[in-house]
Amino acid sequence: MNQEVFAKKRDYLLLLPSLIPLLLLFVYPLLKGFVMTFQQPETAGLTLANYVEFFTNSNYYDTIWRTLYLVVPASIIELFIAFGITYFIREKMRGGGIIAGLTIFPLTLGSIIVDMAVIAFFKPTGWFNTTLINMGLIDEPFTLVYNYAGAFIALVILGTAFIASNLVGMMGTIDPNLERAARTLGASRWVTFKRVFWPLIRSNVLTVFALNLIMQIGVYSTAVIVGNPASETRTFVVVAFEEAMRNFNYNMANTVAIVMGITQLLVLSIVFAIRKRGYIGSASTFK
Amino acid sequence: MSQAVKKKNSTTILDSTRVEIRNLTKQFGSTTAVHNASLDIENGEFMTLLGPSGCGKTTILSMILGTLQPTSGEITFNGQPINKIDMSRRDIGMVFQNYALFPHMTVAQNIAFGLDMRKVSKSEKKKRVEEAIEMVQLNDLGNRFIKDLSGGQQQRVALARAIVIRPRVLLLDEPLSNLDAKLRKEMRTQLKKLHDELGITTIYVTHDQEEALSLSTKVTVMSNGIIQQIGTPKEIFGKPKNYFVANFIGYGNFLRGKLIDEQDGQFIFEADKDSVRLVVNHDKQHQVGDEVILTIKPEMLEIITDPKIGMNTLSGKITVSDYIGSATGYEVETKEGRTFKVNVLGLNPYAMGEEVRLYLDPAKLLIIDEE
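Those sequence lines, one after another, are chains A and B. Quick note: the first sequence uses UniProt numbering, first residue 1, plus one each step. Quick note: the second sequence uses UniProt numbering, first residue 1, plus one each step.
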């Protein structure tokens, strides 16, 4: 009757074909990388020197602040834009599909093409500044590329696309009858949103927000191409890449990566702590 | 008398509302969901909109509720048009088909939601929520979350949430369709009692004719967006106006033909298809020469053994026998090639293929029109 009774130990051997690549390609490098952070190049002894260096040299520890300063505000703006768009097209609306499509479209292009597009559009001689100057609104072009602003714009475009692609489906999981019920009971649109719609979608929205946030903490190409990787947008990965590829210091590169990983975990736990304070559960109760 | 006393004592008596629907039409693109419907619903009436799915009954309900705007026509509460009033200001209690209970709130919070919107004082709110919980017999479940309730309990929370605001009109959209047969009957009785106690004008949408007949003071039968007949349950069941209503209500047997003569206060009917002649009692609406449909309920058809009765009998044999406990449903195919549905109470004494004679009592045959 009970299938589990017949599961023998040797049955787990069937897992090996999928487990071996995972162990070799992911787990081993991860552990190896972790151990390397406690070593110096070309010496064997274990030491905390890499971490000491990271947290005493501003060239390294500034990356924590710089990355978060770029990514956290961008993520919050992305969330607002993506939520706003998907909320208003969630009911059958003419052109809603096109709006959703255009919002999500940058995902198909990938980071580098979006970065190049931002440069083309926002550079001093690009369409954006040219239009504003021609309209007589400004005399000097805004400097919107190769700095914080450029990286910020590119991040917002990609992050909005990512969050929106997740929210489009989630909006549909809230039964419109719940909102109708609230409205017939006397709630205004705003109160209906505040007391019914938002509490039900909140936990899913925060999950997507957290996912997007930790993805963007690993930003590299945007920071390099349209940002200023020497100072303002000197993020974790920029520094790690520099250590590995220019200085050939894999130990330091790994140290940066580990600090980044810990930062991501911290950010994740903050968002999830906030998430846990509200309703977490299914938005449907119907039996 | 006893009911009047009850009403006086109850603290939840509501000022009821007269609902008038005038020439209501709703079009979606080129399809007409509701066509020129007019309907009066008196104070405290229990009106059921009955019809198959897609007949427009839910569309009418949505327009009263305010989730849909009519293409033309008017809905009034006590003479006051409501078309322009926002749905949050219409004071309607609505029970949705899937209940639409708020999953992130407890039973008590769900019920109190409408009172919160009305800024009712805390003590008053507590009292009214408790009253409502008691009324639908959900005692001690006030602090439960919705997902921990059974379907029947959820249904009662939905009902309590709708009536606690003392609505002008109570709307119910197939509220019992998701309950099992036994619970459905129980809830039906409870709903009826509640309506008697509160006297709220109630509009109930269903496709279940049994529910409609048992609950309502008045029934509106609809098909294809058109109101077919409005009447008390007895009128609808006893005197269906046309083929659609009769068929929907469960008259299973139809003969199309003409009234060709009149004799001793009875019509002689001749069927188009096979010239079967039947005698049928006179009615006031029809006369000789009319193209009509004769219909008879499966329960009213008799299988007879007495060879002396000759009039209005048809010979045939049993082709289907469907035993359902309290009755047996047969299908009898006559020599002329017609199939009649016959319900016989009790045991099933007839075998498949057995030759029988059917008696169509002239007093139980009903003359109806196609449209």
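We put the CB at the ideal spot given by N, CA and C, even for glycine. Small disclaimer: the values here were computed from a predicted structure and weren't measured.
(message) Would A:L19 pass as an interface residue toward chain B - the criterion being a Cβ-Cβ separation below 7 Å?
(response) No, no contact with chain B.
(message) Counting C-beta neighbours from all protein chains within 10 Å, is the total for B:R156 16 or more, i.e. buried, or is it exposed?
(response) Result: buried.
(message) I'd like to know whether the C-beta of A:Y250 is nearer than 7 Å to at least one C-beta of chain B.
(response) At a cut-off of 7 Å between beta-carbon atoms, A:Y250 makes no contact with chain B.
(request) Quick one: measure Cβ to Cβ for A:I77 and A:V145, integer angstroms, because I've assumed they're closer than 8 Å. (result) About 18 Å separates the Cβ atoms of A:I77 and A:V145, ruling out a contact at the 8 Å cut-off.
(request) Using DSSP bridges, identify the partner residues of residue 389 of chain B. (result) Past the boundaries of the shown model lies residue 389 of chain B; chain B is included only from 1 to 371, so the question cannot be answered.
(request) Excluding the 5 residues preceding and the 5 following A:L200 in the sequence, name in chain order all residues of the same chain whose CB lies nearer than 6 Å to its CB. (result) When the five nearest sequence neighbours on each side are left out, the beta carbons in the same chain lying within less than 6 Å of the beta carbon of A:L200 are those of I174 and A283, in order along the chain.
(message) Just verifying my parser: in three-state terms, what is the DSSP assignment at A:N247?
(response) DSSP places A:N247 in coil when its eight states are reduced to three.
(message) Does the CB of B:L314 have a neighbour CB from chain A at under 7 Å?
(response) Not closer than 7 Å to any Cβ of chain A, the Cβ of B:L314 fails to qualify, so no.
(request) Please go through the segment 79–152 of chain B and give each complete beta strand (DSSP E) segment of 3 or more residues, from N-terminal end onward. (result) The beta strand (DSSP E) runs lying completely inside the segment 79–152 of chain B and spanning 3 residues or more are 92–95, given in chain order.
(request) Just tell me which of B:G337, B:Y323, B:T313 and B:V342 has its CA closest to the CA of B:R357. (result) Per the Cα distances, B:T313.
(message) For B:D306 and B:E355, I'd like the C-alpha separation in whole angstroms.
(response) Looking at the two C-alpha atoms, the distance is approximately 13 Å.
(request) For residue 372 of chain B, go through chain A and note every residue whose CB falls closer than 8 Å to its CB, in chain order. (result) Chain B is shown from 1 up to 371; residue 372 of chain B falls before or after that span and cannot be answered.
(request) Look at the Cβ atom of A:A210, then the Cβ atom of A:V259, and state whether they are nearer than 7 Å. (result) It is not a contact, given that the beta carbons lie outside the stated cut-off.
(message) In whole angstroms, give me the CA-to-CA distance for B:R161 and A:A182.
(response) So the two alpha carbons sit approximately 10 Å from each other.
(request) With a threshold of 16 other CB atoms inside 10 Å of the CB of A:T67, please say whether the residue is buried or exposed. (result) Burial call: buried.
(message) Would you say A:R180 lies against chain B (beta-carbon separation less than 7 Å)?
(response) Interface flag for A:R180 against chain B is set, since a Cβ pair is found closer than 7 Å.
(request) Would you kindly report the start and end of the unbroken beta strand (DSSP E) that includes A:T11? (result) Residue identity check: residue 11 of chain A is Asp in the sequence provided, not Thr. Neither: A:D11 is in no beta strand (DSSP E) and is coded neither H nor E.
(request) Classify B:A357 as helix, strand or coil using the three-state DSSP reduction. (result) The sequence as given places Arg at residue 357 of chain B; Ala does not occur at that position. B:R357 falls in the strand class under three-state DSSP.
(request) Indicate whether B:I293 and B:I200 have their beta-carbon atoms separated by less than 7 Å. (result) No, Cβ-Cβ distance for B:I293 and B:I200 is not below 7 Å.
(message) Taking only three categories from DSSP, how would you classify B:N281?
(response) In the three-state scheme derived from DSSP, where H, G and I count as helix and E and B as strand, B:N281 is classed as strand.
(request) Give the DSSP bridge partners of B:Y204, in chain order. (result) In DSSP, B:Y204 forms a bridge with B:T48 and B:L172.
(request) Spatial neighbours of A:L48 within its chain, please: CB distance less than 8 Å, with the 5 preceding and 5 following residues excluded, ordered by chain position. (result) Same-chain partners within the cutoff: F38.
(message) For a contact defined as C-beta to C-beta under 7 Å, what are the partners of A:S188 on chain B?
(response) In chain order: S88.
(request) Measure the CB-CB distance between B:T328 and B:A212 and report whether it falls below 7 Å. (result) Not a contact, by the Cβ cut-off of 7 Å.
(request) Measure from the alpha carbon of B:L171 to the alpha carbon of each residue in B:G44, B:L179, B:N253 and B:Q69, then state which is nearest. (result) For the options B:G44, B:L179, B:N253 and B:Q69, the alpha carbon positioned closest to that of B:L171 is the one of B:G44.
(request) Could you work out which residue in A:V256, A:A100 and A:K194 is closest to A:A161 when comparing CA atoms only? (result) The shortest C-alpha separation from A:A161 is found at A:A100.
(request) Name, please, each residue of chain B whose Cβ falls closer than 8 Å to the Cβ of residue 290 of chain A. (result) Residue numbering for chain A in the displayed model covers 1 to 287; residue 290 of chain A lies beyond these limits and cannot be assessed.
(request) Name the residue from B:S214, B:K26, B:P167 and B:A181 whose alpha carbon lies nearest to the alpha carbon of B:K193. (result) The shortest Cα separation from B:K193 among B:S214, B:K26, B:P167 and B:A181 belongs to B:S214.
(request) Could you tell me which of B:Q287, B:D274 and B:N253 sits nearest to B:I268, measuring between CA atoms? (result) The closest CA to that of B:I268, considering only B:Q287, B:D274 and B:N253, is found on B:Q287.
(request) Return the CA-CA distance between B:L191 and B:D140, expressed in angstroms with no decimal places. (result) Taking the straight line from one Cα to the other gives about 21 Å.
(message) Measuring only the C-alpha atoms, how far is A:M170 from B:R188?
(response) Note on geometry: alpha-carbon atoms of A:M170 and B:R188 lie some 36 Å from one another.
(request) Name, please, each residue of chain A whose Cβ falls closer than 7 Å to the Cβ of B:T67. (result) The answer, in chain order, is R180.
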